[in-house]
Amino acid sequence: MTELILSLDLCDRRQAASIAESCAPYIDAVKVGYPLVLSAGLGIVQDLAGLGLPLIADFKVADIPNTNRLICDAVFSAGFDAVIAHGFVGPDAVRTCVEVAHDRGGAVYVVAEMSHPGAVEFFHGGVAERIATLAVNCRADGIIAPATRPDRIGRLREIVGRRTIYSPGVGTQGGDIDTVAGLVDGVIVGRSIYEAEDPAAEAKLLSRIRR
Ligand code: O7E
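If you read the sequence shown in my numbering, its first letter stands for residue 4, the second for the next number, and so on.
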């Protein structure tokens, strides 16, 4: 089954909670990042806890090991179930995230390659492959790979094997959900759902990938 993950990039606490609640029957997890936490505060985690869905902290953690440890400790203390980290910071920094997450019963997903056009500037030419290898070596739970470039997902899958691949970039960024769903473990969708006239109806429509 391919998971459908709602990217809740809203800046209003009540609207975010209400959209997440209406979409909950059709989704498998909620991804919360800087836009929502910086606008609404960490209390949003408690608002969303009642949904009974895994909450993924998309803070793209990218610092020295000690700072990564402090960030990840705070993430799991706040009630998140998983954290997204950058891999370009190197194995010691990623391993620290993995240690904290696994100690707390959580998961770490490492960004191997990003979905926007400019990502090719640095991620191509072997870097994404090296980050995916690093994610495996550091025992991360999975990677993030771009729905906008399905061929790249295939290449990164060769490296990570059965580890989880979550993929953002469908809909508004141009990726095709049906093409990508067969290649990954979960598809991350933001604006196509939360900007729809009826977010729950759109989530229900996209939830066909869960079959
Ligand atoms: O384009 P949308 O509205 O469907 O939102 C996509 C979300 O995925 C948004 O939060 C964005 O920050 C995130 N994202 C990408 O779009 N591309 C990437 O390469 C990586 C991410 C991301 O979430 O990384 C961690 C999962």
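Glycine residues also receive a C-beta, built at the ideal position from the N, C-alpha and C atoms.
Under 9 Å between C-beta atoms of residue i and residue j
i      : j      : result
Ile180 : Ala150 : yes
Val92  : Ile59  : no
Val101 : Val139 : no
Ile47  : Gly189 : no
Pro38  : Cys14  : yes
Tyr112 : Tyr169 : yes
Ser42  : Val192 : no
Asn69  : Val103 : no
Lys63  : His105 : no
Glu24  : Leu73  : no
Any non-hydrogen atom of ligand 1 within 8 Å of residue i CB
i      : result
Met4   : no
His3   : Here the chain has residues from 4 to 214 only, and residue 3 is not among them.
Tyr29  : no
Ala122 : yes
His119 : yes
Gly36  : yes
Ile74  : no
Ser195 : yes
Val114 : yes
Gly172 : yes
6 Å Cβ shell around residue i - same chain, five flanking residues per side excluded
i      : result
Gly109 : Phe79, Asp84, Ala85
Asp154 : none
Gly1   : The chain is shown only over 4 to 214; residue 1 falls outside these bounds and no answer can be derived.
Ser210 : Leu7, Tyr29
Ile22  : Tyr197, Pro202
Leu45  : Ala81
Ala135 : Ala115, Ile146, Leu159, Ile162, Val163
Ala199 : Glu205
Assumed close pair residue i, residue j - CB separation to whole angstroms, cut-off 8 Å
i      : j      : result
Val97  : Cys141 : 4 Å
Pro171 : Ile147 : 7 Å
Gln176 : Ser118 : 6 Å
Gly174 : Arg158 : About 23 Å; that fails the 8 Å criterion.
Ala143 : Ala131 : About 14 Å; that fails the 8 Å criterion.
Leu137 : Arg160 : That pair is no contact at about 16 Å.
Val35  : Asp61  : 7 Å
Asp31  : Leu51  : Not really, about 14 Å apart at Cβ, beyond 8 Å.
Simplified DSSP state of residue i, which is helix, strand or coil
i      : result
Ile168 : strand
Asp61  : strand
Val92  : coil
Ser10  : strand
Ala2   : Given a span of 4 to 214 for the chain in the structure shown, any question on residue 2 remains unanswerable.
Val40  : helix
Ile30  : coil
Ala203 : helix
Gly145 : strand
Residue-level contact to chain B via CB, residue i, 9 Å cutoff
i      : result
His105 : In the displayed structure, chain B is absent; only one protein chain is listed.
Same chain, Cβ closer than 8 Å to residue i, neighbours up to 5 away in sequence not counted
i      : result
Arg214 : Met4
Gly121 : none
Asp12  : Gly36, Pro38, Leu39, Gly193, Arg194, Tyr197
Chain-order list of residues whose beta-carbon lies under 7 Å from that of residue i (same chain, five-residue window excluded)
i     : result
Val19 : Correcting the residue identity first, residue 19 is Ala in this sequence and not Val. The residues are Leu11, Leu13, Leu39, Ala43, Ile47.
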